[in-house]
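Colleague: Pasting a structure here, questions to come.
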Amino acid sequence: MRIEIVTPDTKIFEGEIKSVRVPGKKGSFQVLKDHAPIVSTLESGQVIIVDMDGKESVIGISGGVIEVKANKIILLADSVK
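Written out as structure tokens, the structure reads:
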């Protein structure tokens, strides 16, 4: 899967990943390969990215929107913490 995390000011992260966990408005959820298409608003919290080597990275966001479609993820964060 490919993910791109951007704010109004800059691109925070871009690359191939195994999974991502995000803070959805109705609770956190994880996106894995071949996830169904979804658009969701995000709360303030942590985005946890697992890269292709299994290494975890954590990015704090103050809210935003995520779109998942055809193994491509775009996360528009209001800002990062």
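Note that our numbering has the sequence shown beginning at 17, numbered continuously upward. Note that CB positions come from ideal geometry on N, CA and C, so glycine has one too. For clarity, every value in this text was computed on a predicted model and none was experimentally measured.
Per DSSP, which residues does SER73 bridge with? Please list them.
Modeller: Here residue 73 refers to the residue found at position 57 of the sequence shown. Beta-bridge pairing links SER73 to ILE65.
Colleague: Can you check DSSP and say which residues form a bridge with ILE82?
Modeller: Your numbering for residue 82 matches position 66 in the sequence shown. Its beta-bridge partners are SER56, LEU91.
Colleague: Between ILE77 and VAL63, which are expected to be in contact by the criterion C-beta below 8 Å, what is the C-beta distance as a whole number of angstroms?
Modeller: As a first step, residue 77 is located in the sequence shown; it is residue number 61 there, counting from the start. As a first step, residue 63 is located in the sequence shown; it is residue number 47 there, counting from the start. Contact holds; Cβ gap of about 6 Å.
Colleague: Rounded to a whole number of angstroms, what is the C-alpha to C-alpha distance between PRO39 and VAL47?
Modeller: Residue numbering aside, residue 39 sits at position 23 when the sequence shown is read from its first letter. Residue numbering aside, residue 47 sits at position 31 when the sequence shown is read from its first letter. Computed Cα separation, rounded: 11 Å.
Colleague: Cutting at 8 Å between CB atoms, please list the residues of its own chain near ALA52, excluding the five before and the five after it.
Modeller: Here the question's residue 52 lines up with position 36 in the sequence shown. Same-chain partners within the cutoff: VAL84.
Colleague: Return the chain-ordered list of same chain residues with a C-beta closer than 7 Å to the C-beta of GLY79, the five sequence neighbours on each side being excluded.
Modeller: Along the sequence shown, read from residue 1 onward, the residue named residue 79 stands at position 63. Here the set comprises LEU58, GLU59, SER60, ASP94.
Colleague: Tell me whether VAL81 is buried or exposed, calling it buried when 16 or more other Cβ atoms sit within 10 Å of its Cβ.
Modeller: As a first step, residue 81 must be located in the sequence shown, where it is residue number 65. Its Cβ having fewer than 16 others within 10 Å, VAL81 is exposed.
Colleague: Which one of LYS42, LYS49, ILE75 has the shortest CA to CA distance from LYS27?
Modeller: Position 11 of the sequence shown, counting from 1, holds the residue named residue 27. If we check each option's Cα against that of LYS27, ILE75 comes out closest.
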